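In my numbering, the protein residues as written are 2 to 257. What follows is one structure encoded as structure tokens, with my remarks underneath.
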């Protein structure tokens, strides 16, 4: 990039890469998955603490990119750090966290999915789920073309290697993910395939226990964001799965 532009290029790093103009030091996530770090800018001033409201260590690189752009635009360092700390997701279903009254935690990241974001979400699930039973409820990553089977296979392998407790794969377009997890060593009820979101809903309603941490992730067209809403806000006893699905979908659409 530097060789192709006459503009100033501000490199960023959270790993101490020499020559980077914008740096995050002591970068980590807190117990709720929120990134925190000391922000160093090329003005030579003192560092500023950033404690983000976003969820996942992968957002550190995004926050640094925003800091670099803001610095290049002339914003003051203190204001940049404050803005980074106040930033929240731009829309629903992006690492959206819900704490149910019974102690089940839902992370609904099913606004969309690609291989990179799927890997990041699963790493976040593993980080936050230490000492808890973790669930990955995953649907297809659409529009991958000839790479679809390979990329879904890689995700299934990652789920097992991250020691995610339970995997629920929803829909035939994601079946390669399910097969891959089994081949990697996920057996019995650790890995379950369901044809529909309604089947997954019934399974989760029956098996979730207090303390469980559940991630929902798929491409937008698969619709697992609505399944995540249904599980985050369980219907009252006697409410049918179809009624619950319609209610959750309508509530979600009203917020779009």
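All residues carry an ideal CB built from backbone N, CA and C; glycine is no exception. None of the values given here were measured: they were computed from a predicted structure.
Reduced DSSP category for residue 89 - H, G, I as helix; E, B as strand; rest coil: coil
query: Counting Cβ pairs closer than 8 Å, one from the segment 81–89 and one from the segment 199–216, do we hit at least three?
result: Taking a cut-off of 8 Å for Cβ pairs, the segment 81–89 and the segment 199–216 do not touch, as fewer than three such pairs fall below it.
- request: Round the Cβ separation of residue 69 and residue 137 to the nearest angstrom and send it over; I've been treating them as touching at under 8 Å.
  value: Not a contact, Cβ separation roughly 33 Å.
- request: Specify, as a first and last residue, the run of the beta strand (DSSP E) that residue 50 falls within.
  value: 49–52
query: Quick one: is residue 255 buried, meaning 16 or more other Cβ sit within 10 Å of its Cβ, or exposed?
result: Only weak support is given to the placement of residue 255: the predicted model assigns it a pLDDT of 44, under 50, and the question is left unresolved by the model.
query: From residue 196 to residue 171, what distance separates their C-alpha atoms?
result: 6 Å
- request: Rounded to whole angstroms, what's the CA-CA distance from residue 186 to residue 88? Just pull it up for me.
  value: Cα to Cα, residue 186 sits roughly 40 Å from residue 88.
- prompt: Is residue 169 buried or exposed, if buried means 16 or more other CB atoms sit within 10 Å of its CB?
  reply: By the 16-neighbour rule on beta-carbons within 10 angstroms, residue 169 is buried.
- prompt: Where are the alpha helix (DSSP H) runs, 4 residues long or more, that stay fully inside the segment 96–133, in chain order?
  reply: 116–129
- prompt: Taking just the CA atoms, how far does residue 120 sit from residue 159?
  reply: 8 Å
message: For a test of the three-state rule: what should DSSP assign to residue 207, helix, strand or coil?
response: Note: residue 207 maps to helix in three-state DSSP.
message: With H, G and I counted as helix, E and B as strand and the rest as coil, what does DSSP make of residue 32?
response: Look at residue 32 here: in three-state DSSP terms it is coil, with no helix or strand label.
task: Out of 24, 48, 181, 147, state which residue places its alpha-carbon closest to the alpha-carbon of residue 162.
output: Answer by Cα proximity: 181.
task: May I ask you to report which of helix, strand or coil DSSP gives residue 232?
output: helix
field: Buried versus exposed call for residue 9 [16 or more other C-beta atoms within 10 Å across all chains shown]
entry: exposed
query: Taking the beta strand (DSSP E) that residue 169 falls in, what are its first and last residues?
result: 167–171
- request: Let me know the alpha helix (DSSP H) ranges lying completely inside the segment 180–204, each 4 residues or longer, listed in chain order.
  value: With a minimum length of 4 residues, no continuous alpha helix (DSSP H) run stays inside the segment 180–204.
query: Going by alpha carbons, who is nearest to residue 211 out of 27, 105, 39?
result: 105
task: In the DSSP assignment, find the alpha helix (DSSP H) that holds residue 156 and state where it starts and stops.
output: 149–162
query: When you compare each of 213, 64, 108 to residue 96 by their alpha carbons, which one comes out closest?
result: 108
field: residue 189 classed as buried or exposed, judged by whether at least 16 other C-beta atoms fall within 10 angstroms
entry: Burial state of residue 189 is exposed, judged by a 10 Å Cβ sphere holding fewer than 16 other Cβ atoms.
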